[in-house]
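Numbering (this note's numbering), first residue to last: 12 to 80. Everything below concerns the one structure shown next.
What follows is the structure, encoded as structure tokens:
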């Protein structure tokens, strides 16, 4: 699995493509604690959940950039 993932990672780098992009996220609405009025939009917090593979690729890219710097 690791070898295939590595090949996919370097192919994405060569093509300049992010595996999931920012348009492919799931947003979760969480109520903030101790709010007096939950009918107001500011009583909720939006959290965007991105693909784990995309986060892994970002971490690998950041480590490579740090190593090269």
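Even for Gly, the Cβ is constructed at its ideal location relative to N, Cα and C. On a predicted model such as this, the values are computed, not experimentally measured, just so you know.
- Cβ atoms of residue 58 and residue 38 come within 8 Å of each other, at about 7 Å.
- The C-alpha of residue 22 is placed about 11 Å away from the C-alpha of residue 15.
- Counted as a single uninterrupted DSSP element, the alpha helix (DSSP H) harbouring residue 18 occupies residues 13-26.
- The three-state secondary structure of residue 52, taken from DSSP, is helix.
- Straight across, the Cα-Cα distance linking residue 60 with residue 70 is about 16 Å.
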